[in-house]
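Contents: one structure, followed by commentary.
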Amino acid sequence: DVKVTQSSRYLVKRTGEKVFLECVQDMDHENMFWYRQDPGLGLRLIYFSYDVKMKEKGDIPEGYSVSREKKERFSLILESASTNQTSMYLCASSLPLGLQPDTQYFGPGTRLTVL
Amino acid sequence: SQQGEEDPQALSIQEGENATMNCSYKTSINNLQWYRQNSGRGLVHLILIRSNEREKHSGRLRVTLDTSKKSSSLLITASRAADTASYFCATPRGGSGYSTLTFGKGTMLLVSP
Numbered sequence: 001d002v003k004v005t006q007s008s009r010y011l012v013k014r015t016g017e018k019v020f021l022e023c024v025q026d027m028d029h030e031n032m033f034w035y036r037q038d039p040g041l042g043l044r045l046i047y048f049s050y051d052v053k054m055k056e057k058g059d060i061p062e063g064y065s066v067s068r069e070k071k072e073r074f075s076l077i078l079e080s081a082s083t084n085q086t087s088m089y090l091c092a093s094s095l096p097l098g099l100q101p102d103t104q105y106f107g108p109g110t111r112l113t114v115l
Numbered sequence: 116s117q118q119g120e121e122d123p124q125a126l127s128i129q130e131g132e133n134a135t136m137n138c139s140y141k142t143s144i145n146n147l148q149w150y151r152q153n154s155g156r157g158l159v160h161l162i163l164i165r166s167n168e169r170e171k172h173s174g175r176l177r178v179t180l181d182t183s184k185k186s187s188s189l190l191i192t193a194s195r196a197a198d199t200a201s202y203f204c205a206t207p208r209g210g211s212g213y214s215t216l217t218f219g220k221g222t223m224l225l226v227s228p
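Taken in sequence, the protein lines are chains A and B. First residue of the first sequence? That's 1 in our numbering, and the numbers climb one at a time after it. First residue of the second sequence? That's 116 in our numbering, and the numbers climb one at a time after it.
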């Protein structure tokens, strides 16, 4: 079974802090994704990566950056956390386009609160 | 941008009843997926149906796809309290060259004992 883990289930940070959310997958997947999920807005794609050191912006990249130094690890960085970044953050991974149709495997989520 | 939209937003039924959720989408797709999310957890893939399939079964799940109407339905038969969750449809984002999905906003299903 694919396993995607996220570093924290719950996180509380202060406005202006730099926040790192870590995601690790153990299935050698090329693609990794970061979403945020808010009531009434569904899942929105922040960034994704299709290879080591490669990244692409999703729908809402503003205020976020990402890092992928190793294939199994994809980090989401909030450079200066703000209260409107309070949300549930979900990481996912998948095989590349064409190998298996798009199925994504999700981590358990990190509920981030910014005070 | 939203591609899939689920209907209804919320559904409340008794154990043993069937639950039907619908998904509509806007552009042509080559497959459609359904995911489940238990409260406060990550999403779990349930089933994928390809554009050349009309119906697919997996245990108590039945998925249909009507490409002419750009719609899909998820039927859960003989529901159980453990089926209480949110259900999302997801469709591939075309044209990017990357394997990304667009998720709907979900249907929240409550199954009461």
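Where a beta carbon is used, it is the ideal one built from N, C-alpha and C, also for glycine.
Chain-ordered neighbours of H160 of chain B on chain A, where CB pairs are closer than 9 Å: Proximity of chain A to H160 of chain B at the Cβ level (cut-off 9 Å) is accounted for by T103, Q104, Y105, F106, in chain order.
When DSSP labels each residue in this structure, what does A205 of chain B get in the three-state scheme? Strand at A205 of chain B.
Which partner residues of K57 of chain A appear in the DSSP bridge assignment? A:Y47
Own chain residues within Cβ distance below 7 Å of L123 of chain B, not counting five before or after: The residue asked about is misnamed: residue 123 of chain B is Pro in this sequence, not Leu. Around P123 of chain B: T222.
Which two residues bound the contiguous beta strand (DSSP E) that contains H160 of chain B? 158-165
Locate the beta strand (DSSP E) running through I144 of chain B, then write down its first and last residues. Unbroken run through I144 of chain B: none, as it is neither H nor E.
Rounded straight-line distance, which links the Cα of V226 of chain B to that of Q129 of chain B: 5 Å
So which residues on chain A does R151 of chain B lean against when the C-beta distance must stay under 9 Å? None at all; the shortest Cβ gap to chain A is about 11 Å.
Distance, Cα to Cα, V43 of chain A vs G131 of chain B? First, the amino acid is wrong: residue 43 of chain A is Leu here, not Val. L43 of chain A and G131 of chain B: Cα-Cα distance of roughly 30 Å.
May I have the straight-line CA-CA distance separating S166 of chain B from E17 of chain A, to the nearest angstrom? Cα to Cα, S166 of chain B sits roughly 46 Å from E17 of chain A.
Based on DSSP bridge pairs, tell me the residues matched to S227 of chain B. In the DSSP secondary-structure assignment, S227 of chain B is bridged to B:Q129.
Tell me which residues share the same chain as S116 of chain B and place their Cβ nearer than 6 Å to its Cβ, disregarding the 5 neighbours each side in the sequence. The predicted position of S116 of chain B is uncertain, since its pLDDT is 43 and thus under 50; a value taken from the coordinates is nonetheless stated next. Cβ neighbours of S116 of chain B beyond the five flanking positions: none.
Under 8 Å by beta carbon: chain B residues contacting Q76 of chain A: In the sequence as displayed, the identity of residue 76 of chain A is Leu instead of Gln. What L76 of chain A touches in chain B: nothing, since even the nearest Cβ is about 15 Å away.
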